[in-house]
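Asker:
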Amino acid sequence: MNLPLYTDTDTLITVSILLTLFTLILVFFVFIRIWKVLTVEQKLASEERKLRQEIKGDVEQVVTAYIKSLTSDSTAKLENEVNKFSEELGRLMHAKSAEVAAYIEKAQREQIKESQFFVANMLSKIEKDAEEYRKNKLLAVDEQIRQIVLSAAREVIGRSISLTEHEDLVTKALERAKKDKVFG
Amino acid sequence: MSQAVLKATKITKAPALNVAFKPFENSIYDIRGRLRLLDELTLIERALFRGKEGTISEKARDFTNDVAPALFEKIETAGLEPVGDAKQLSFIKELVGYLKGLPVANITLAFAPTNTFVENLSNQISTVVGVKTLIDLIVNEYIVGGAVIEFRGKVFRQTLDIPLEEVLRREVGVLTK
Chain A
-18 MNLPLYTDTD TLITVSILLT LFTLILVFFV FIRIWKVLTV EQKLASEERK
32 LRQEIKGDVE QVVTAYIKSL TSDSTAKLEN EVNKFSEELG RLMHAKSAEV
82 AAYIEKAQRE QIKESQFFVA NMLSKIEKDA EEYRKNKLLA VDEQIRQIVL
132 SAAREVIGRS ISLTEHEDLV TKALERAKKD KVFG
Chain B
291 MSQAVLKATK ITKAPALNVA FKPFENSIYD IRGRLRLLDE LTLIERALFR
341 GKEGTISEKA RDFTNDVAPA LFEKIETAGL EPVGDAKQLS FIKELVGYLK
391 GLPVANITLA FAPTNTFVEN LSNQISTVVG VKTLIDLIVN EYIVGGAVIE
441 FRGKVFRQTL DIPLEEVLRR EVGVLTK
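Written out as structure tokens, the structure reads:
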């Protein structure tokens, strides 16, 4: 069949237009499909986030509960241990305090004993020193009295001897010295 | 003058000198008297060699009027004094040496004695010793009475302080006990 030329061209144009339209429609559908995919993807991402948050909340709850349970266990155990330790400590302190009391009592007894001994010694020493001091003082006083009396006696006797008596005493001393060969 | 010279003077002294020194020796009895006489003799030494002639007593008149000129007069009368400055100086030096060489007895007394008593002591001791002996007197009331005599290293003590102290110590000891 022979088609007119213009017909061919028109047909071509028409076909071309149709093809273009078809292409556009295809592109449109592709675009719509992509859009849908994107929308779904977005939705999925949103749901994923939501789910994540939910899971996170659940996990937190579970963990908190677990920790709570753990903590409550530990606290109880710890309280128990503390109570046991307190009891042991109390018992030990009681025992030790008794021991310390006994030690203190013993130390006090020894201290008193030592003090008594020390005081007795000191007293004895002080008495001895005092006695010695008294004796020394008495001796010193004795010596002082002697010196005073001697000095006074010398003076009195010296004055009471007359010049003639003095000369006689010297003459006698000289005679004695002669007899004793003092002058050779 | 040294001790050796003094001894030599005593030993080699001529009899005439011995007689000439006698008046000087007799004029002193203690070391104070000897010191005074020695001072005078020192003054008389200065009187020599002054251009004067005559005896020592004549030359000494201008320097001293104490006992020495009179003593010199005595020996001049007896003709015992040498003539001339040099011989007179020698005589005086020998006299000084002789006087310095006289023995000394240290005597401690409890009282201040009279000069007569000291002279008497000197005479008594000199008689015993055989040569003129001078007295070096110390007065110490502490000895109360009696004397302490020291002569040529020997010491003799007869004082009242020792027995008195013994008695008093005994009596005071009784009192204070």
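So the sequence lines, in the order shown, correspond to chains A and B.
Quick note: the numbering used here has the first sequence finishing at residue 165, numbered continuously throughout.
Quick note: the numbering used here has the second sequence finishing at residue 467, numbered continuously throughout.
Glycine included, C-beta positions come from ideal geometry on N, C-alpha and C.
Using the C-alpha atoms, what's the distance from Ile6 of chain A back to Asp(-11) of chain A?
Answerer: Taking the straight line joining both Cα atoms gives about 24 Å.
Asker: Is the CB of Asp451 of chain B under 8 Å away from at least one CB in chain A?
Answerer: Cβ-Cβ to chain A under 8 Å: yes for Asp451 of chain B.
Asker: Between which residues of its own chain and Ile107 of chain A is the CB-CB distance below 6 Å, once the five residues before and five after are set aside?
Answerer: There are no such residues.
Asker: Looking at chain B, which residues of the stretch 110 to 133 of chain A have a Cβ within less than 7 Å of any of its Cβ atoms?
Answerer: Within the stretch 110 to 133 of chain A, the residues whose Cβ lies closer than 7 Å to some Cβ of chain B are Asp123, Ile126, Arg127, Val130, Leu131, listed in chain order.
Asker: Please confirm if Gly443 of chain B has its CB atom under 8 Å from at least one CB of chain A.
Answerer: No - not a single Cβ of chain A is within 8 Å of the one on Gly443 of chain B.
Asker: Looking at the secondary structure, which residues open and close the beta strand (DSSP E) in which Asn396 of chain B lies?
Answerer: 394 to 399 is the extent of the beta strand (DSSP E) around Asn396 of chain B.
Asker: Just how far apart, CA to CA, sit Ala134 of chain A and Leu392 of chain B?
Answerer: Each residue's alpha carbon lies about 39 Å from the other.
Asker: Count the other CB atoms, across all protein chains shown, that sit within 10 Å of the CB of Ser27 of chain A; report buried if there are 16 or more and exposed otherwise.
Answerer: Its Cβ having fewer than 16 others within 10 Å, Ser27 of chain A is exposed.
Asker: Can you grab the Cα-Cα spacing for the pair Leu411 of chain B / Val438 of chain B, in whole Å?
Answerer: Distance between the alpha carbons of Leu411 of chain B and Val438 of chain B: 13 Å.
Asker: Using a Cβ cut-off of 8 Å (strictly closer), state whether Ile415 of chain B contacts chain D.
Answerer: Any reference to chain D falls outside this structure, whose protein chains are A and B.
Asker: Given this structure, state the Cα-to-Cα distance separating Ala79 of chain A from Ser55 of chain A, to the nearest angstrom.
Answerer: About 35 Å.
Asker: Using only CA atoms, which one of A:Glu113, A:Phe164, A:Gln125 lies nearest to Lys444 of chain B?
Answerer: Taking only the C-alpha atoms, the option nearest Lys444 of chain B is A:Phe164.
Asker: Can you tell me the Cα-Cα spacing of Met291 of chain B and Gln378 of chain B, whole angstroms?
Answerer: Note on Met291 of chain B: pLDDT 40, under 50, position unreliable in the model; the coordinate value appears next. Using only the alpha carbons, I get a separation of about 17 Å.
Asker: Could you have a look at Asp352 of chain B and say whether DSSP puts it in helix, strand or coil?
Answerer: Three-state DSSP puts Asp352 of chain B in coil, outside helix and strand.
Asker: Specify whether the stretch 331 to 351 of chain B and the stretch 363 to 382 of chain B touch according to this definition: at least 3 beta carbon pairs, one from each stretch, less than 8 Å apart.
Answerer: With a cut-off of 8 Å, the stretch 363 to 382 of chain B and the stretch 331 to 351 of chain B count as touching, because enough Cβ pairs lie within range.
Asker: Is there a C-beta anywhere in chain B that falls below 8 Å from the one on Val137 of chain A?
Answerer: Taking Cβ atoms only, chain B never reaches closer than 8 Å to Val137 of chain A, which makes this a no.
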